[in-house]
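In the numbering used here, the protein residues as written are 51 to 273. Note that the Cβ used here is the ideal one computed from N, Cα and C, for glycine as well. To start, the structure under review is shown below, and the notes come after it.
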């Protein structure tokens, strides 16, 4: 609903996305997932019978094809779907103590490796996805993943500076540019369907169950 509000309000030219706590976004609640799996149930957004069903979780800008520009203010770590949301923002400012990671394979999940592979340098994407690696703020800056790295107390001010620069341009031209960004980075329907199918297969495998159990029990998974 947030993204739709931004899309539909003609007085909104740009949005700034940041975290409300110490993290930008920690991704899904794996303990919540493990609890449902232990009871032999699917979580609500993975259950086709649930009114909030949306495989993969939903709630991302791409789910409404948002074409207003977004600035990501990375105030803390961004993991899993948190990384996906950050990468769907066109501009990014990062606190100097923040970091990014994927971590899906660490808990027996797939996530959206194709999106990470498309948005980041390929070796970097593979490091995050296959090795569950992390990138510091300085590493993100060096690789062109973020526009600026600043102390945390200056984060929002820097994001607002970028927002002011965006607002100085023609809204129609800016939105047209974002629409073309999204079009050129879109995946064919067959690739999207395969990614979703693989994600579901892996999620409902023994690896998916063991990953969530191990996370909840604070131990290394036994694949």
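Nonlocal neighbours in the same chain, by C-beta distance under 7 angstroms from residue i, ignoring five residues either side
| i | result |
| --- | --- |
| residue 130 | 77, 78, 152, 153, 154, 161 |
| residue 87 | 259, 262 |
| residue 232 | 115, 117 |
Cβ neighbours of residue i in the same chain (closer than 6 angstroms, five flanking residues each side left out)
| i | result |
| --- | --- |
| residue 164 | 245 |
| residue 156 | 182 |
| residue 208 | 143, 198, 200 |
| residue 167 | 175 |
| residue 187 | 144, 146, 148, 199 |
Cβ-Cβ distance between residue i and residue j below 8 angstroms
| i | j | result |
| --- | --- | --- |
| residue 139 | residue 170 | no |
| residue 199 | residue 146 | yes |
| residue 158 | residue 260 | yes |
Residue from the options whose Cα sits closest to the Cα of residue i
| i | options | result |
| --- | --- | --- |
| residue 184 | 223, 133, 226 | 133 |
| residue 56 | 74, 70, 115, 158 | 115 |
| residue 253 | 53, 84, 58 | 84 |
| residue 63 | 135, 126, 228, 241 | 228 |
| residue 237 | 112, 150, 180 | 112 |
Residue environment, residue i, which counts as buried when at least 16 other CB atoms sit within 10 Å
| i | result |
| --- | --- |
| residue 174 | buried |
| residue 273 | exposed |
Close-in-space but distant-in-sequence residues of the same chain around residue i (CB under 8 angstroms, 5 per side omitted)
| i | result |
| --- | --- |
| residue 197 | 141, 142, 143, 212 |
| residue 193 | 170, 171, 174, 185 |
| residue 230 | none |
Three-state secondary structure assigned by DSSP to residue i
| i | result |
| --- | --- |
| residue 75 | strand |
| residue 149 | strand |
| residue 230 | helix |
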